[in-house]
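Chains as they are written, first to last, in the numbering used here: chain H, 21 to 189; chain E, -6 to 758. As structure tokens, the structure follows; a few thoughts come after it.
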């Protein structure tokens, strides 16, 4: 059975009362236990900054942070996120634009932009624990995020710029 | 000039960037509307069959299902296709490929729609699958279309078949090879989708990605039997396209469902549907026979191209024409004989894809040159230099083209690349290193004989904005940024004064498709054409309102300024001016992409040039190829938007790297084997070279007033042969089939005793 089919069940679906924090807001939702996090975000909460693309955990477009860890929201189901804290791309610029996002803008590290939220989340995860990563560490951290437009060069430049900016400030 | 942040004076943050990096931008697949339904499409899942029956009763009975539609429910033409509408919206009696649509469902939720699709019973009688052009052209094959299985033939010959053989006899060296290229997938991150909203007045608004809103509207009008003026197509922003969203995809289904249910209907295809129904790059089998004299001057060139176009035509004929045109590339060859055929099969549909047939043919052509150079013991550079077209030479189809030195310029510059001039130390036991180059010449616009019009509108709005409107789409290429830069520089206003309107047939003039590397040039021409007459009107109006002499006025940031140097504020702001006027200055224009005066169908007039140098590392143990360094030199006229230009070349280069070393939409008996990114692998950040350099040559021949050429495709075209040349440099082995197979490389290394795996002892050495 494919992942998608799990959330396609219409009969005999066990629902749960999901209680979690999304971008610091407490959420209470009655959803099928196997409803995917990406659908909760996009369909139930209209948080469409989290993108949907491959739905098999390969492209990283739907990346979010769960309790601070990078996850593919297409692979997590409602029952697995019970009680957790989820942060999405919308959280990153809640008050002002995050310096990672600023670096993406300045270096032109985006084109169609569809992979960008996932890229930003992956970098947030990396840079929170390792503020000065090597090129190899950057590559490993972003290897789960596909981009078809930029060729990744701009993204690497953006990370370098972010590191430069954060070291000089 | 090396393109980067440091050297570029116009390095501006793109206007659509902030919304993209913060996730605020609503792509059309992110939209929802009140009372919205979800749609799904039932695809045949089998490549060739007769449809015996379609039963939708069970699906209709499912709670929450609002409509189930089949061919019976199409009010107008049951067909679409940009040129030939030969692809059925819904199949009636024959299925020609795995992605053929049979029915569509609208339901209260996406989950119910998915469940309903499974309840539709279709009875098929399978037919023999024609899974290659050879099978489709054989005598036993049945015809997929009334005209047979040949979609299109194209040729360009300066000499007949029998005569060219005589020339080969006189050649010093002749190389004949057959090249194969893969069925590359566009792999845009945003799959096809959108929402169609029925409006109160009976019209519909189609929010769905396309590269040509007006062509969508025309086709939807035929399908829906609805006046075009009742269809509004909103078509930007787009999460990647690369040619793959130029044809209709979900629009007919969502429109039919919306009209039937009278509710907004959203369809967002799953990756699996996108893979089986979406277009791919034409796989081509190209045989080339090329002969040279003892110095390396090419005397004769015979080319035979067989393209697998899949089940329906889409732009197959034009892609083949393009490949035929570019079969001689930037070289002047006295005796040319090129034939191509594009063949219908039961495979997935091939259509438009960045490079448009140029990538396949350039891989073959440049590889031929390298083999010939090797056979004569001369360099890659020397053989090209000897055969290059000169400034005023005719184009590759014998047509007049805009004079250009692009070919010499890019070849000269790339030859100085550090990649080609560094000595390799082959000390690391496991890796072989090599370098190579390739060049290309790529036509922009649709070519002679194909309507290629464009239009724009420049206006002062009631709100005091200077509004520029085009029918182009922002597919990610950075067109909005480019338009903003051109507006600021041409008009002297500020970024905040400008309102850019694109991608909405309700608001913009028809501008043609955002394809064929044409949008930047067309926008540039539009702004240039409209600027002076509009400015005269604006300033004369300003003169009346301000009672200043018109000759003392000019446009500037925020408003109309006095030409005096010592003023610090405008005489009147645009807003005040707009409020003071009854008739706001507005100008529209219609113009065409420049075409050759010679009546040669498909022949181009403006060409851009690209050269690429690459360094590779071949792993002797695994046979895997890693591209470790890349340098591009592009000659495409003035650089309008350095950030966008750089992104297009870097991104295109990596897309072509995928084409060369990893990507292939594998099909088995007409069914896709690689159906998602877990099996269809595109380059990740780990697969790219550690270094990439992009140079732009901006000079044009004196008197060339055609301005910037587009760069959407040129960065992809010559990457493959450059990598192949580098692999040969590293290993001595020539690859003829893409993507490169590590097994093939390993076998070659073993044969040459260069591998790490010793055939006799079966042990690592």
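Backbone N, C-alpha and C define an ideal beta-carbon position, used for all residues, glycine too.
Identification of residues in the stretch 71 to 82 of chain H having a C-beta nearer than 9 Å to some C-beta of chain E yields 71, 72, 73, 74, 75, 76, 77, 78, 79, 81, given in sequence order. Residue 66 of chain E and residue 253 of chain E do touch by the CB rule: their CB atoms are close to 7 Å apart, below 8 Å.
A contact between stretches requires three or more CB pairs, one per stretch, nearer than 8 Å, and the stretch 5 to 24 of chain E meets this requirement with the stretch 472 to 490 of chain E.
Annotated three-state conformation of residue 28 of chain E is coil, per DSSP. Measuring C-alpha to C-alpha distances from residue 183 of chain E to each of E/606, E/70, E/261, E/605 identifies E/261 as the nearest. Within the stretch 667 to 680 of chain E, 669, 670, 671, 675, 677, 678, 679 place their CB atoms closer than 7 Å to a CB of chain H, listed in sequence order. Looking at E/306, E/80, E/606, the one whose alpha-carbon comes closest to that of residue 688 of chain E is E/606. Chain H has no Cβ within less than 8 Å of the Cβ of residue 243 of chain E. Residue range 512 to 539 is occupied by the alpha helix (DSSP H) that includes residue 515 of chain E. The beta carbon of residue 508 of chain E lies closer than 7 Å to those of 204, 236, 239, 345 in the same chain, with the five residues before and after it left out.
Residues of the same chain with a CB within less than 8 Å of the CB of residue 104 of chain H, apart from the 5 flanking positions on each side, are 40, 41, 86, 87 in chain order. Distances from the CA of residue 108 of chain H to each of H/101, H/123, H/70 were compared; the closest alpha carbon is that of H/70. In terms of beta-carbon proximity, residue 157 of chain H stays away from the interface with chain E, with every pair separated by 8 Å or more. Residue 188 of chain H sits exposed, since fewer than 16 C-beta atoms from the chains shown fall within 10 Å of its C-beta. Pairing residue 184 of chain H with residue 137 of chain H, the inter-Cα distance amounts to about 21 Å. Judged by DSSP secondary structure, residue 90 of chain H falls within the beta strand (DSSP E) whose first and last residues are 89 to 92.
Pairing residue 659 of chain E with residue 653 of chain E gives a Cβ-Cβ distance that is not under 8 Å.
In chain order, 133 make up the part of chain H whose C-beta sits under 7 Å from the C-beta of residue 18 of chain E.
Interface residue (Cβ-Cβ distance to chain E less than 8 Å): residue 169 of chain H is classified as such. Judged by DSSP in its simplified three-state form, residue 584 of chain E adopts strand.
From the beta-carbon of residue 14 of chain E, the residues of chain H found nearer than 7 Å are 121, 124, 125, 130, 136, 140. The count of Cβ pairs closer than 8 Å, one atom from the stretch 262 to 269 of chain E and one from the stretch 537 to 555 of chain E, stays below three, leaving the stretches out of contact. The alpha-carbon of residue 645 of chain E is positioned some 18 Å away from that of residue 466 of chain E. Chain H has a Cβ within less than 8 Å of the Cβ of residue 11 of chain E.
Distances from the CA of residue 461 of chain E to each of E/443, E/481, E/442 were compared; the closest alpha carbon is that of E/481. Where residue 608 of chain E is concerned, the enclosing beta strand (DSSP E) starts and stops at 600 to 612. For residue 468 of chain E, the C-beta contacts it makes with chain H under 7 Å involve 132, in order along the chain. Sixteen is the threshold: when 16 or more other Cβ atoms of the shown chains lie within 10 Å of the Cβ of residue 518 of chain E, as they do, the residue is buried. Listed as beta-bridge partners of residue 455 of chain E by DSSP are no residues whatsoever.
In this structure, the beta-carbon distance from residue 152 of chain E to residue 392 of chain E does not fall below 8 Å. Beyond the five residues adjoining it in sequence on each side, residue 707 of chain E comes within less than 8 Å, by CB distance, of 433, 435, 510, 601, 602, 603, 627, 629, 642, 645 in the same chain, given in chain order. For the options E/470, E/624, E/558, the alpha carbon positioned closest to that of residue 133 of chain H is the one of E/470. Annotated three-state conformation of residue 628 of chain E is strand, per DSSP. Below the 8 Å Cβ cutoff, chain H contributes no neighbours of residue 203 of chain E, its closest Cβ being approximately 14 Å away. Distance from the Cα of residue 734 of chain E is smallest, within the candidate group E/197, E/615, E/287, E/670, for E/615.
Comparing alpha-carbon positions, the option among E/704, E/678, E/595 lying closest to residue 635 of chain E turns out to be E/704.
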